[in-house]
Structures are given as structure tokens and as C-alpha cells.
Amino acid sequence: MIGLAHDAFKHSVWLSNREGLGLAVYNCGFQRCSPGHTWGPAVRDHFLIHYITSGKGVYDSGSGKYSLSAGDGFLVVPNRLITYWADQSDPWEYYWVGFNGTDAERLVCEAGLSAEQPIFHYDKDSLYREKLLNIYRLNGNRPSDQARMQAGLLSFMAAMMDRRPLDIQEKKSGYEYVKKSLQFIDYNYSRSIDVDDIAANVGISRSHLYRLFMKHISVPPNEYLTRYRIQKASLLLESSNLSVGEAAYSTGFSDQLYFSRVFKKYKGLSPSQYSKRSHEKK
């Protein structure tokens, strides 16, 4: 961090071997800043969350300027020009974690943060501080250390998700049931699940689930499940040497003939024709 020679104290770690991961901790630490200590204007190549435990400062996110104090936190998103600086008379102390990966943006969104809404507040107890400090304590460059740091980051993000109340409109409309259903399908489509299993998992009746799907995504749940499986099967046939039967069983179809009929309905080709054409293009 710029201005290290002027910091009251700073402890941080920077990690390597993070490429290609769904989620990886890039750096973490804590710092008591000197009066007026500034970072930026500059950009980061990863997400960064700061949590302030004492003092005051200002965060300029590029789209807004925020005066912050103990209990506040702020998100830095990749590739956006930002600046933040400590107060001259009461400089802040903060804890931070930097991370990225294919799952990073989804986790940030689930925690209720974005480039447009980068600020959060939590002053109930020292939970956030302890979770961020725990990530720092787990640091190391061994694969096992990085796995523990990733687990620590997930624990911190889960705590942030817990503080976020379910949007009143989303709750009133029933959309949260649709979101949970889509996630259940994503995680379980390869098993022999059906609409009854989806409804039971989210805790509503089959008929209620049908009404909510039609209201929010205009597709019945059984058709959504079938389309999802066919899309996954087509990707397997495009990118691998699996047989038609293997692709069918891998995506939750127990009957290969039924799979072939449904596949042709949605794709216009039989699975074998689709696979042959895909490999000829390569």
C-alpha cells in the first residue's frame, strides 16, 4: 500500500499461486493509518473489502464520495479508479481482504454489495474484525494454507450475507423461492430429481412453485429443468467424447431413448448428429 513509511502500523500478506481458481485470497491484513494517509487514485485488479474498526476517513469510489467511520466498510471493484484517505485528526484503522476468481462477483452480489452500492455497516459486535483477522492468521503459500484462507473468506462473506435482510419486495413477490429453485437445479440436475423434489427443497407446494415460475420467468419448472439438462448435455457433447448414453446419464436422464427425443425437440438434431457436427467444426 502506498505510503507505508508513514503508517502507524501495518500487517499484510500477499499470496501467489492463485490463478484459475473459483475463489482465491489475493491479500489480507490490517492497518492503523497515519493522519491523511492516502491510497490512489489507482485501480485494483481484484475485489477488496475494507472494514473500519476505529477512526474516520473518506472513500471516493469514482461514482460517489463517502465519509466513513468505525463500523463502516467499503468495497473496491476491479478496474475502477478509486481513492481513499484517512482523516487528519482521527485517522482510521481498518482490516481488509482482497480476492478474485470466477465466484467472486457472485459472492459480492449475494452480500448486497456492488460498484453502485459499495458501502456497508456493522457495529453489533467484533464478528467482522475477527473473521478478517482469522484470514490473516491462516496465511501461507502451501495449497492447504490457501484452502484454509479461502474457507476463512467464505466464512466472512457468509457473515456479510447474514446481515443483509431479504428485500421486502422480493419476499413479497415470492421470487426468493424461484432463486432457491434455480440454485437447487444447478446443483442437482445430474441426479434423478423432479418438480416434487424442487418444491420440497424450497418448502412450498408444487402448484405454488408452478405459479411463481410462470410469474417470474414465464416457464414452468418442469420445462426449465428439462431445458437446463439439455443445455448441459449439449455442452458435454460439444466438448467431450462422451457417448449419447453417457451424456444422458450425466445430466439426469435415465432413459436414453427419451433423452434423444427430448434433445431433438430442443436442438433440432439427434444427440449423435449434434455431437458429430460439433466435432467436425473443430
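For what it's worth, the UniProt record's numbering labels the leading residue of the sequence shown as 1, then goes sequentially. Using N, Cα and C, we set each Cβ at its ideal position, and we do this for glycine too. Every value quoted in this text rests on a predicted model; they were computed, and no experiment measured them.
Shortest alpha-carbon distance to residue i belongs to which of the options?
{"i": "S272", "options": "A248, F253, G252 and S254", "result": "A248"}
{"i": "N201", "options": "K179, Y26, F120 and L48", "result": "K179"}
{"i": "V25", "options": "E110, L269, H279 and G140", "result": "G140"}
{"i": "S54", "options": "L75, S61 and Y95", "result": "Y95"}
{"i": "P35", "options": "R261, D87 and R142", "result": "D87"}
{"i": "W164", "options": "E176, I135 and A111", "result": "It should be noted that the sequence gives Arg, not Trp, for residue 164. The residue with the shortest Cα to Cα distance from R164 is A111."}
{"i": "S126", "options": "F156, S61, R148 and S240", "result": "F156"}
{"i": "C28", "options": "R106, F99 and S260", "result": "F99"}
{"i": "E176", "options": "D197, Y187 and L209", "result": "L209"}
{"i": "R32", "options": "I198, D90 and D60", "result": "D90"}
{"i": "D186", "options": "R227, K56, P78 and S254", "result": "R227"}
{"i": "N119", "options": "S260, A159, E105 and S69", "result": "Strictly speaking, residue 119 in this sequence is Ile, with Asn absent from that position. Nearest option by C-alpha distance: S69."}
{"i": "N79", "options": "A104, D45, L107 and K56", "result": "D45"}
{"i": "V43", "options": "K56, S61 and G57", "result": "S61"}
{"i": "E105", "options": "L138, L154, G57 and A147", "result": "L154"}
{"i": "R281", "options": "E130, P220 and S239", "result": "Note on identity: in this sequence residue 281 is Lys, with Arg being the wrong assignment. Among E130, P220 and S239, the Cα nearest to that of K281 is on S239."}
{"i": "E241", "options": "Y266, S207 and K276", "result": "One detail in the question is off: residue 241 reads as Asn in this sequence, not Glu. Cα-wise, what sits closest to N241 is K276."}
{"i": "H121", "options": "G203, D162 and K264", "result": "D162"}
{"i": "V108", "options": "I217, A158 and A199", "result": "A158"}
Just to confirm, are residue i and residue j a CB contact at a threshold of 9 Å?
{"i": "D123", "j": "G71", "result": "yes"}
{"i": "F47", "j": "L133", "result": "no"}
{"i": "W92", "j": "I52", "result": "yes"}
{"i": "S192", "j": "E116", "result": "no"}
{"i": "G152", "j": "K215", "result": "no"}
{"i": "A233", "j": "S205", "result": "no"}
{"i": "G245", "j": "Q231", "result": "no"}
{"i": "Y128", "j": "L182", "result": "no"}
{"i": "N222", "j": "V262", "result": "no"}
{"i": "S143", "j": "L81", "result": "One detail in the question is off: residue 143 reads as Pro in this sequence, not Ser. No."}
{"i": "V76", "j": "I135", "result": "no"}
{"i": "L237", "j": "S278", "result": "yes"}
{"i": "Y160", "j": "L235", "result": "Correcting the residue identity first, residue 160 is Met in this sequence and not Tyr. No, these two residues do not count as a Cβ contact at 9 Å."}
Checking the sheet assignment: what are the DSSP bridge partners for residue i?
{"i": "T38", "result": "W85"}
{"i": "F213", "result": "Answer is none; F213 lacks a bridge partner."}
{"i": "H121", "result": "D72"}
{"i": "V58", "result": "S67 and W85"}
{"i": "L51", "result": "Looking at the sequence provided, one finds Tyr at residue 51 rather than Leu. Bridge partners of Y51: G73 and Y95."}
My guess is that residue i and residue j are in contact by the Cβ rule of under 8 Å, so how many angstroms apart are they, rounded?
{"i": "W39", "j": "T83", "result": "7 Å"}
{"i": "I49", "j": "G73", "result": "6 Å"}
{"i": "residue 300", "j": "Y189", "result": "Since the first residue of the chain shown is 1 and the last is 282, residue 300 is not available in this structure."}
{"i": "S270", "j": "S260", "result": "6 Å"}
Query raised in the report: Could you give the uninterrupted runs of the beta strand (DSSP E) lying entirely in the stretch 73-113, keeping only those of 3 residues or more?
Result: 82-86 and 93-100
Query - Any beta strand (DSSP E) of 3 or more consecutive residues that is wholly inside the stretch 188-236 - result: none
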